[in-house]
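K.L.:
Okay, here's the structure, questions in a sec.
In our numbering, the protein residues as written are 6 to 141.
Quick look at the structure:
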């Protein structure tokens, strides 16, 4: 009799998560970009990105460059380029970073906390952000 291990489940609901912007599959954006309310990437985005909300990189999606995320980060696609220097892509996430079994990170990933799922491919360095306590 085989014993089944419990499986973690990650549910993505863009509406409930206030993800209001989307880069569709086949689309390519680059430059200095700011997104309010969260971003779903199914295509390619590169440059200096600011996401004021959650960032979701879907399977097949790619993010490159300098990225600042004020919310959580979900990686199902790729962060950075295959074979590129880990410093070429740098993502700083103030929330929690989730890397799924299809997620590949070759860039530098900084986050308050990290959750890796079985099969996640974290090739670049990971650093924990030292968050400043809120002052009253």
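Positions of the beta carbon are idealized from the N, C-alpha and C atoms, including for glycine.
Nothing here was measured: the structure is a model prediction, and the numbers come from that model.
DSSP puts residue 96 in a beta bridge; with which residues?
P.N.:
DSSP lists 72, 114 as partners of residue 96.
K.L.:
According to DSSP, is residue 3 part of a helix, a strand, or is it coil?
P.N.:
The chain is shown only over 6 to 141; residue 3 falls outside these bounds and no answer can be derived.
K.L.:
Could you check which residue in 104, 61, 121 has the C-alpha nearest to that of residue 20?
P.N.:
Comparing Cα-Cα distances from residue 20 to each of 104, 61, 121, the minimum goes to 61.
K.L.:
Let me check one thing: in DSSP terms, what residues is residue 23 bridge-paired to?
P.N.:
Its beta-bridge partners do not exist; DSSP assigns none.
K.L.:
By DSSP, does residue 102 sit in helix, in strand, or in coil?
P.N.:
Three-state DSSP puts residue 102 in a strand.
K.L.:
Have a look at residue 120 and residue 104 and give me their C-alpha separation to the nearest angstrom.
P.N.:
Rounded to the nearest angstrom, the two C-alpha atoms are 6 Å apart.
K.L.:
Comparing C-alpha positions only, which one of 81, 52, 39 sits nearest to residue 63?
P.N.:
Comparing Cα positions, the closest option is 81.
K.L.:
Are residue 41 and residue 55 closer than 7 Å when you measure CB to CB?
P.N.:
Their beta carbons are not under 7 Å apart, which means residue 41 does not touch residue 55 by this criterion.
K.L.:
With which residues is residue 134 paired in a DSSP beta bridge?
P.N.:
Its beta-bridge partners do not exist; DSSP assigns none.
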